[in-house]
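Colleague:
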Amino acid sequence: MIDVPPAWSGGIDDLVLEANRWLSVLLPADRAQRPKDEVNPRLVRHYTTQGLLPAAGREGRDARYTRLHLLALLALRRLMADGLSGKALYAALRDKSDAELENLAVQGSGSVQGLALDEESESVKDDALSYLRRLKDGTKSGNSSAYDLVPATRPAPSAAAPKLGVERLNNSSLSTRKRGPQKVFRAVLRPGLEVLVGEHFRYPSNEEEWDRLFAELRASFVDMQSS
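Residue numbers (the working numbering): 282 to 508.
The following block contains the structure:
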């Protein structure tokens, strides 16, 4: 098991150093020692913002991390290495004790596969994740201009090459839609990758919200890649 004293604590640099030392042991053999599998302070803060790690304690102005934070970080990285992402990660890590987190870090995702499948079958309630699922459907349609305004239920006509710009259709062409947003913007980011944005989508207003959106994008891409 993970031989870390119960009273262990340290700053974020100490947490990163200790976590990387244990990750080289805990990750599957074909992934251990790879630089991309190491964590850093930026990732720790990002995971905390996303609710994947418990918030750090405070000692004056400094953030302090305990054995619980270390075990949660190790469990998170082990589950990610095993292919879990998105809601399955949240479900696997939520409300876990030190012992449960230690078991996840050592055993991996085998004990949470059923839970992961249950969580994935739930309806998506978060607006951003609902948008990302629409993105998955949007990739099936042909390439249009780089920024199009089109009915969400009708694919844009294919073109030889994407063009920058925004095409606005008459409201009459959208009047047949009874539900959903009146307009949808389609952005072609690169060949095979399109983003659909409904007119009621609330754009991030600060860096934290942008980081959260990018993290949800990444999690959804991983889900689609493994499906």
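Note that CB positions come from ideal geometry on N, CA and C, so glycine has one too. If you're wondering where the values come from, they're calculated on a predicted model, not measured in any experiment.
With a cut-off of 8 Å, do at least 3 Cβ pairs link the stretch 357–368 to the stretch 289–299?
Modeller: Judged by Cβ distances under 8 Å, the stretch 357–368 makes no contact with the stretch 289–299, as fewer than three pairs qualify.
Colleague: Specify, as a first and last residue, the run of the beta strand (DSSP E) that D343 falls within.
Modeller: 343–347 is the extent of the beta strand (DSSP E) around D343.
Colleague: Rounded to a whole number of angstroms, what is the C-alpha to C-alpha distance between E400 and G367?
Modeller: Summary for E400: the model assigns pLDDT 47, below 50, so the residue's position carries little reliability; its value from the coordinates is reported in the next sentence. Using only the alpha carbons, I get a separation of about 10 Å.
Colleague: For S486, does the count of other Cβ atoms within 10 angstroms reach 16, so buried, or fall short, so exposed?
Modeller: Exposed: under 16 other Cβ atoms inside 10 Å.
Colleague: According to DSSP, E340 sits in a beta bridge with which residue or residues?
Modeller: DSSP, once it has assigned bridges, lists D343 as partnering E340.
Colleague: Suppose the cutoff is 7 Å on Cβ atoms and the five residues either side in sequence are ignored; what does the same chain contact list for A500 look like?
Modeller: Same-chain partners within the cutoff: S366, G367.
Colleague: For S390, does the three-state DSSP call read helix, strand or coil?
Modeller: DSSP places S390 in helix when its eight states are reduced to three.
Colleague: Would you mind giving the Cβ-Cβ distance between L333 and L385, rounded to the nearest angstrom? I have them listed as a contact below 8 Å.
Modeller: 12 Å between Cβ atoms; not a contact.
Colleague: Helix, strand or coil for R471? Go by DSSP, reduced to three states.
Modeller: Here R471 sits in strand by DSSP.
Colleague: Can you tell me whether DSSP reads S501 as helix, strand or coil?
Modeller: S501 falls in the helix class under three-state DSSP.
Colleague: List in chain order: all unbroken alpha helix (DSSP H) runs of 4+ residues lying wholly within the stretch 342–383.
Modeller: Those alpha helix (DSSP H) runs which fall completely within the stretch 342–383 and span 4+ residues are 348–362, 367–374.
Colleague: Report yes or no: do the stretch 322–337 and the stretch 377–384 share at least 3 C-beta pairs separated by less than 8 Å?
Modeller: Not touching, per the Cβ criterion.
Colleague: Spell out the partners DSSP gives G291 in its beta bridges.
Modeller: Looking at the DSSP assignment, G291 forms a beta bridge with Y346.
Colleague: Excluding sequence positions up to five away, which residues of its chain have a Cβ less than 6 Å from the Cβ of V478?
Modeller: Correct list, in chain order: F466.
Colleague: Distance, Cα to Cα, W289 vs R348?
Modeller: Cα to Cα, the separation comes out at about 5 Å.
Colleague: Roughly how many whole angstroms lie between the Cα atoms of W303 and H481?
Modeller: For W303 and H481, the distance between alpha carbons rounds to 45 Å.
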